[in-house]
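**Student:** Here it is, the structure, as structure tokens.
There are 2 protein chains.
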Amino acid sequence: MNKYMEIAKKCAEIGINNNEGGPFGAVIIDKKGNVIAKGNNRVIKDHDPTAHAEVTVIRDACKKLKTYDLSDYILYTSCEPCPMCLSAIIWANIKEVYFACTKEDAGNIGFRDDIIYEYLKGNKKDLIKLNQIDREECIKLFDEYKNQNKTIY
Amino acid sequence: MNKYMEIAKKCAEIGINNNEGGPFGAVIIDKKGNVIAKGNNRVIKDHDPTAHAEVTVIRDACKKLKTYDLSDYILYTSCEPCPMCLSAIIWANIKEVYFACTKEDAGNIGFRDDIIYEYLKGNKKDLIKLNQIDREECIKLFDEYKNQNKTIY
């Protein structure tokens, strides 16, 4: 078994045993193989629906490295990232990811990863009501941001 | 202009003026119209690529209410949620969302929302390398979780 995946798995086990959240763990390493951050899903313990293992280690690694850019880092996760985590991985510029179980495996034990993937493909549109209002007032913010040459991440 | 969207817009303005992150704000209210959480994108200030306005207010509302379930709450955001935020909204069980600017508007000032949407539809597959390893070792975690009747969120 890959040694980093083994760490991710151990993190998941700790999370399960402590009732911190779902059975998911993750690790971020640098290209030399140093572990920068490791952790588990903490949705239940932290009262935080965004505290999936991948999001938790991205936040932790970024905090340690004082950056929002993890271009040079690699992520290992015990399960295929859900769309939230996959998007977080892309926002963080991580380019290389290793996962073990699949989103179908997560679905088989009751998690909604698969449903969210379907929603983002354009199906299951009744999952939430998305309504557009007040674009004209808010678009000014974007013009202002662009004109000030602010940071794009 | 909707009064909650106006609050979201003001949050975005504060974020821009303080260089905290992108030009995005959000608010969560209960069904009586009470504001539970409001905030802005803090990606730059917090060194956190997941600190989009919607994620920030979801975390904050959940912390205040001591729950990971926002079924009875409504979210206003100054821009159409990116896939990370939309997935976070679904994980938090929020059913009603109001947004102002579109993902194309965000794309026009340089943000990658649109690219991530395309990726999740199955296009732009070279954006990241996703590799599967060690499923057999990690699937045991899922069996264990299911057999213990642990919480599914």
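Chains as they are written, first to last, in our numbering: chain A, 1263 to 1415; chain B, 1263 to 1415. From the three backbone atoms N, C-alpha and C, an ideal C-beta is built for every residue, glycine too.
Does the distance from the CB of Leu1337 (chain A) to the CB of Ile1290 (chain A) come in under 7 Å?
**Tutor:** Taking the first residue of the first sequence as position 1, residue 1337 (chain A) is located at position 75. Taking the first residue of the first sequence as position 1, residue 1290 (chain A) is located at position 28. Cβ distance < 7 Å, so Leu1337 (chain A) and Ile1290 (chain A) count as in contact.
**Student:** Given a cut-off of 7 Å on the beta-carbon distance, is the pair Ala1350 (chain A) and Ile1378 (chain A) in contact?
**Tutor:** Walking along the first sequence from the start, residue 1350 (chain A) turns up at place 88. Walking along the first sequence from the start, residue 1378 (chain A) turns up at place 116. Contact flag unset, no.
**Student:** When the Cα atoms are used, what is the spatial distance from Val1297 (chain B) to Lys1328 (chain B)?
**Tutor:** Indexing the second sequence from 1 puts residue 1297 (chain B) at position 35. Indexing the second sequence from 1 puts residue 1328 (chain B) at position 66. Near 16 Å, if we compare the C-alpha coordinates of Lys1328 (chain B) and Val1297 (chain B).
**Student:** Residues of the stretch 1377-1405 of chain B in Cβ contact with chain A at a cutoff of 9 Å, in chain order, please.
**Tutor:** From the stretch 1377-1405 of chain B, only Ile1377, Ile1378, Tyr1379, Tyr1381, Leu1382, Lys1383, Gly1384, Leu1389, Ile1390, Lys1391, Leu1392, Asn1393, Gln1394, Ile1395, Asp1396, Arg1397, Glu1398, Glu1399, Cys1400, Ile1401, Lys1402, Leu1403, Phe1404 and Asp1405 have a Cβ closer than 9 Å to chain A.
**Student:** Three-state secondary structure (DSSP) at Asp1367 (chain A)?
**Tutor:** Against the first sequence, residue 1367 (chain A) aligns to sequence position 105. The answer is helix: DSSP assigns Asp1367 (chain A) an H, G or I state.
**Student:** Per DSSP, what kind of secondary structure is Lys1340 (chain B) in: helix, strand or coil?
**Tutor:** Working through the second sequence from its first residue, we reach residue 1340 (chain B) at position 78. Checking the displayed sequence, the identity of residue 1340 (chain B) turns out to be Ser instead of Lys. Strand at Ser1340 (chain B).
**Student:** Could you tell me whether the stretch 1278-1289 of chain B touches the stretch 1310-1318 of chain B, where touching means 3 or more Cβ pairs closer than 8 Å?
**Tutor:** Segments in contact, yes.
**Student:** With distances taken from CA atoms, which of B:Ala1274, B:Phe1361 and B:Leu1332 is nearest Asp1396 (chain A)?
**Tutor:** On the first sequence, residue 1396 (chain A) is found 134 positions in, with the first residue counted as 1. It is B:Phe1361 whose Cα lies nearest to the Cα of Asp1396 (chain A).
**Student:** Look at the Cβ atom of Lys1271 (chain B), then the Cβ atom of Cys1400 (chain A), and state whether they are nearer than 7 Å.
**Tutor:** The residue labelled residue 1271 (chain B) in the question sits at position 9 within the second sequence. The residue labelled residue 1400 (chain A) in the question sits at position 138 within the first sequence. Contact: yes.
**Student:** Arg1445 (chain A) to Ala1354 (chain B), Cα distance in whole Å?
**Tutor:** Residue 1445 (chain A) lies beyond the stretch modelled for chain A, which goes from 1263 to 1415, so this question has no answer here.
**Student:** Hey, Gly1301 (chain A) and Cys1273 (chain A) are a contact pair by Cβ (cut 8 Å); roughly how many whole angstroms apart?
**Tutor:** Residue mapping note: residue 1301 (chain A) aligns to position 39 of the first sequence, counting from 1. Residue mapping note: residue 1273 (chain A) aligns to position 11 of the first sequence, counting from 1. Contact holds; Cβ gap of about 6 Å.
**Student:** Excluding sequence positions up to five away, which residues of its chain have a Cβ less than 8 Å from the Cβ of Lys1293 (chain A)?
**Tutor:** As a working mapping, residue 1293 (chain A) is identified with position 31 in the first sequence. Closer than 8 Å at the Cβ level, and outside the excluded window around Lys1293 (chain A), lie Asp1334, Tyr1335 and Ile1336.
**Student:** Considering only their Cβ atoms, is the gap separating Lys1391 (chain A) from Glu1358 (chain B) smaller than 7 Å?
**Tutor:** Translated into the one-based positions of the second sequence, residue 1358 (chain B) becomes position 96. Translated into the one-based positions of the first sequence, residue 1391 (chain A) becomes position 129. Going by C-beta atoms, Glu1358 (chain B) is nearer than 7 Å to Lys1391 (chain A).
**Student:** Of all Cβ atoms in chain A, is any one closer than 7 Å to the Cβ of Asp1367 (chain B)?
**Tutor:** For the purposes of this step, residue 1367 (chain B) is taken as residue 105 along the second sequence, with counting starting at 1. Asp1367 (chain B) counts as touching chain A.
**Student:** Does any residue of chain B bring its CB to less than 7 Å from the CB of Val1359 (chain A)?
**Tutor:** Against the first sequence, residue 1359 (chain A) aligns to sequence position 97. So, interface residue.
**Student:** Would the beta-carbon of Ala1299 (chain B) fall within 7 Å of that of Asp1322 (chain B)?
**Tutor:** As a first step, residue 1299 (chain B) must be located in the second sequence, where it is residue number 37. As a first step, residue 1322 (chain B) must be located in the second sequence, where it is residue number 60. Yes. Within cutoff.
**Student:** So which residues on chain A does Glu1275 (chain B) lean against when the C-beta distance must stay under 8 Å?
**Tutor:** As a working note, residue 1275 (chain B) is residue 13 in the second sequence. Chain A residues near Glu1275 (chain B): Leu1403.
**Student:** I'd like to know whether the C-beta atoms of Tyr1266 (chain B) and Ile1371 (chain A) end up nearer to each other than 7 Å.
**Tutor:** Within the second sequence, the letter at position 4 stands for residue 1266 (chain B). Within the first sequence, the letter at position 109 stands for residue 1371 (chain A). No, Cβ-Cβ distance for Tyr1266 (chain B) and Ile1371 (chain A) is not below 7 Å.
**Student:** Looking at the secondary structure, which residues open and close the beta strand (DSSP E) in which Lys1300 (chain B) lies?
**Tutor:** Taking the first residue of the second sequence as 1, we reach residue 1300 (chain B) at position 38. Its beta strand (DSSP E) spans residues Val1297 to Asn1302.
**Student:** For Glu1268 (chain B) and Gln1394 (chain A), I'd like the C-alpha separation in whole angstroms.
**Tutor:** To locate residue 1268 (chain B), count along the second sequence from 1; it is residue 6. To locate residue 1394 (chain A), count along the first sequence from 1; it is residue 132. Using only the alpha carbons, I get a separation of about 14 Å.
**Student:** Quick check on DSSP: helix, strand or coil for Gly1283 (chain A)?
**Tutor:** The residue you call residue 1283 (chain A) lines up with position 21 of the first sequence. Gly1283 (chain A): coil per DSSP, three-state reduction.
**Student:** Give the residues from the stretch 1298-1327 of chain A that approach chain B closer than 7 Å (Cβ to any Cβ), ordered along the chain.
**Tutor:** Residues passing the 7 Å Cβ filter: Val1305, Ile1306, His1309, Asp1310, Pro1311, Thr1312, Val1317, Ile1320, Arg1321, Cys1324 and Lys1325.
**Student:** Which residues in the same chain have their Cβ closer than 6 Å to the Cβ of Lys1307 (chain B), if we skip the five residues on either side of it in sequence?
**Tutor:** On the second sequence, position 45 is the one that residue 1307 (chain B) refers to. Excluding sequence neighbours, Lys1307 (chain B) sits near Glu1282.
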